[in-house]
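This report concerns only the one structure given below.
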DNA sequence: CTCCTTGCTCGAACCGGTTCGACTCCTTGA
DNA sequence: TCAAGGAGTCGAACCGGTTCGAGCAAGGAG
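Protein chains in written order, with UniProt numbering: chain C, 1 to 340; chain V, 1 to 340.
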């Protein structure tokens, strides 16, 4: 079942079989036909390891994301799905690597052992040693997210600053004055996750600009934490009338906390944030939010990576996305509740 | 940066370096130390493709799941996460392959080109050509789910029949008489997805046993479909007081549909089903459900696969899990609403 | 002092592909 | 009639590891 066996049965040399398959040199029709017959009969497929060894390409890309200790969010799922699908269209397989830092065994396997031709990194931090490491090695990689110095990198990112600010403006326009911010878990913020930092930043600046009274919170990636977070918010400032969240996984808990506190959404409390549209629609009322275009981001990341693999010294490219806020049903004018 | 270079710098032969690294033959301390120095200095790591070619093992397992056309559900995410993590503990990488049938290009790549040592299959159908194909080839694979003839296979499954029945009994015990069943999408049911079939089966039989009036529905994997499905249910039989669902992704929509129809959960309508615990807790009220132990299933699938890879002719093994129903807050006695 | 182990190392072959250079025909044009 | 050139094929080398068989030196037993 190897190329030698095919060659023997077709009565030609191994190299001829190789050329017949790759088309890199002419092969007569007769020979090609004969070889094809044998291949079809035996169901032969060239061994990927041998091929990778010979031509230095694995036809595999690595998808690097942090280990699941902190559960995955729905957004990550969407990234994974879209990356796999887009990669398949280019005939690339996707190898999953759970690693948060460049010293992870998994990360070292991927790179050092040359298991992949390129990598896509998720959950980027402002100072990210994985990104720095890959850049230093000039290893083909594309980040989903931006570090603090994104100028010379390959990435596709979301303008969390602008999105969080847009949420603030949306609420301010509706007349809200006391607004809370529900961020990702504190541990991620401290680790420097870019979405958490830039989102917080955009929120804070825009709120200052609009003269809002704000409080910011970190919240675990699960429903129970979301519920607890709302309790804290309402305890700290019962006059709070709206919140902005980046925390998709806590969303259900936030809603529950509000319901249990007797705040009706959107009548007496508005909720908005940055969340993948698919998940924003699962809550009731549906969340008015800047929809994270996860599918598009994954696809574009693959496009960029493939381009970089094809042109090793192409100049860095990137995409910064800033989707508009989708108006759904979770925000409303401030004071609507108290005046009724 | 290859083994020859290491050997040259350490002043030994390539084979000695190999033995020093693998420990398969004794190497003197002096030599070993010298080799290690050179390796550390150069940051050498053996090339995975070459190693795979030489010893016939890729140290990679394939995770086969249907293409994303039908969006992924949270449960699938949990499977992926736990499989990746469990595999990493055994020093295996995970290659993702989106393919529904054994003729998919992606599937052929995985197997024919020997990219993986073994495979884990998700979203099993009662008649599953992927499973049959792998069994015929005696290729090491473990299914997450059971086909119609699971006796001689390797799998870890959920007893959907029993779980759906348990949901029915739970509702019947609470006095419900008119119960609806919300299944996965019709297209998946028709394709023969085992969870959809066995769940429907368990539901139907248990309902007959308890003398319940039932209707069964298929429902798309998204919130909008869930909402539409509830509307249909209440139109078809307004006296319905409870539903059982297997459809995690539609859950938010089901709740919304009930709320919009003015049915309070659990006062006038009970909801239960088979859903991963983590997602059952995101809805309000939290869902009383048979919690799919996705993390455990993924881990066990990897355990089984590793065992099978280690003992090529070990007899088939499997795990059938039937977690108990977790009582949360979405079910209550029938008639509670009408009597109040 | 020989003979046999045992410990350690080396060269060569192999895994299954790709690719380069060379060789043989056969055609075409001068 | 012969040189030039292109089509088609082959053998050999190579990618970077692993593994087998053999050789050599030191040490212990007889």
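The C-beta atom is built at its ideal place from N, Cα and C for all residues, glycine as well.
Excluding sequence positions up to five away, which residues of its chain have a Cβ less than 6 Å from the Cβ of residue i?
i: residue 3 (chain C); result: 14 and 17
i: residue 348 (chain C); result: Nothing about residue 348 (chain C) can be reported from this structure: the residues present for chain C run from 1 to 340 only.
i: residue 165 (chain V); result: 202 and 206
i: residue 266 (chain C); result: 330, 331 and 332
i: residue 198 (chain V); result: 160 and 161
i: residue 85 (chain C); result: none
i: residue 250 (chain C); result: 219, 225 and 226
Bridge partners for residue i per DSSP, in chain order?
i: residue 343 (chain V); result: This structure cannot speak to residue 343 (chain V), because chain V is shown only from 1 to 340.
i: residue 125 (chain C); result: C:193
i: residue 118 (chain V); result: V:61
i: residue 288 (chain C); result: C:272
i: residue 142 (chain C); result: C:120
i: residue 318 (chain V); result: V:155
i: residue 131 (chain C); result: None, per the DSSP bridge assignment.
i: residue 94 (chain C); result: C:61 and V:96
i: residue 326 (chain C); result: C:289
i: residue 244 (chain C); result: C:181 and C:272
Out of curiosity, what's the CA-to-CA distance linking residue i and residue j?
i: residue 154 (chain C); j: residue 147 (chain C); result: 11 Å
i: residue 229 (chain C); j: residue 137 (chain V); result: 53 Å
i: residue 315 (chain C); j: residue 90 (chain C); result: 21 Å
i: residue 294 (chain V); j: residue 38 (chain C); result: 44 Å
i: residue 247 (chain V); j: residue 335 (chain V); result: 25 Å
i: residue 87 (chain C); j: residue 126 (chain C); result: 26 Å
i: residue 244 (chain V); j: residue 323 (chain V); result: 16 Å
i: residue 269 (chain V); j: residue 234 (chain V); result: 11 Å
i: residue 307 (chain V); j: residue 103 (chain C); result: 29 Å
i: residue 156 (chain V); j: residue 309 (chain V); result: 16 Å
i: residue 220 (chain C); j: residue 300 (chain V); result: 27 Å
i: residue 34 (chain C); j: residue 46 (chain C); result: 17 Å
i: residue 63 (chain V); j: residue 121 (chain V); result: 6 Å
i: residue 36 (chain C); j: residue 22 (chain C); result: 12 Å
i: residue 119 (chain C); j: residue 48 (chain V); result: 16 Å
i: residue 328 (chain V); j: residue 287 (chain C); result: 25 Å
i: residue 163 (chain C); j: residue 182 (chain C); result: 14 Å
i: residue 129 (chain C); j: residue 191 (chain C); result: 12 Å
i: residue 113 (chain V); j: residue 145 (chain C); result: 34 Å
i: residue 27 (chain C); j: residue 311 (chain C); result: 29 Å
i: residue 133 (chain C); j: residue 291 (chain V); result: 41 Å
i: residue 141 (chain V); j: residue 305 (chain V); result: 6 Å
i: residue 95 (chain C); j: residue 111 (chain V); result: 15 Å
i: residue 217 (chain C); j: residue 167 (chain C); result: 16 Å
i: residue 8 (chain V); j: residue 97 (chain V); result: 40 Å
Buried or exposed, going by whether 16 or more other CB atoms sit within 10 Å of the CB of residue i?
i: residue 1 (chain V); result: exposed
i: residue 339 (chain V); result: Because the pLDDT of residue 339 (chain V) is 42, which lies under 50, any placement of that residue in the model is unreliable, and the number read from its coordinates should be weighed accordingly. It is exposed - the Cβ of residue 339 (chain V) has fewer than 16 other Cβ atoms within 10 Å.
i: residue 260 (chain C); result: exposed
i: residue 187 (chain V); result: exposed
i: residue 341 (chain V); result: No information on residue 341 (chain V) is available, as it lies outside the stretch 1 to 340 that chain V covers here.
i: residue 12 (chain V); result: buried
i: residue 222 (chain V); result: buried
i: residue 101 (chain V); result: exposed
i: residue 151 (chain V); result: exposed
i: residue 106 (chain C); result: buried
i: residue 149 (chain V); result: exposed
i: residue 320 (chain C); result: exposed
i: residue 195 (chain V); result: buried
i: residue 41 (chain V); result: exposed
i: residue 117 (chain V); result: buried
Within its chain, find whatever has a CB closer than 7 Å to the CB of residue i; leave out the 5 residues flanking it on each side and keep chain order.
i: residue 193 (chain C); result: 123, 125 and 184
Who are the Cβ neighbours of residue i in its own chain at under 8 Å, not counting the five residues just before and after it?
i: residue 31 (chain C); result: 10, 12, 16 and 20
Three-pair Cβ contact test at 8 Å for the stretch 175 to 184 of chain C versus the stretch 234 to 249 of chain C: These segments touch.
Stretch pair the stretch 71 to 83 of chain V + the stretch 76 to 85 of chain C: three plus CB contacts closer than 8 Å: Touching, yes, given that three or more Cβ pairs across the two stretches are closer than 8 Å.
Segment contact flag, the stretch 208 to 217 of chain C with the stretch 257 to 276 of chain C, C-beta cutoff 8 Å, min 3 pairs: Too few Cβ pairs lie closer than 8 Å, so no.
Three-pair Cβ contact test at 8 Å for the stretch 46 to 61 of chain C versus the stretch 48 to 55 of chain V: Two segments are said to touch when three or more pairs of C-beta atoms, one from each, lie closer than 8 Å; by this definition the stretch 46 to 61 of chain C touches the stretch 48 to 55 of chain V.
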